[in-house]
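Below: the structure, in structure tokens.
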Amino acid sequence: DVVAPFGAKAVSAVPVVTSPAAIASAVRAATGRPVNRLPIRPQAAVVTDR
């Protein structure tokens, strides 16, 4: 494991997890309902006209 000066690591060493946020944003855009919890359950993504 190579480490740069001051203990810095390459940018690729940073964990990047943007998929859940992107999916939640897409569900909100499609349904108009905010997503406040993960995992997104199918019941939360269903649009009903009531």
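1411 is the number of the first residue of the sequence shown in the numbering used here; add one for each residue after it.
Cβ coordinates follow ideal geometry from the N, Cα and C atoms, glycine included.
- In the three-state reduction of the DSSP assignment, T1428 falls in the coil class, being assigned neither a helical nor a strand state.
- In the displayed model, R1438 falls within a helix according to three-state DSSP.
- Between V1427 and V1437, the C-beta gap is not smaller than 8 Å, which leaves the two residues out of contact.
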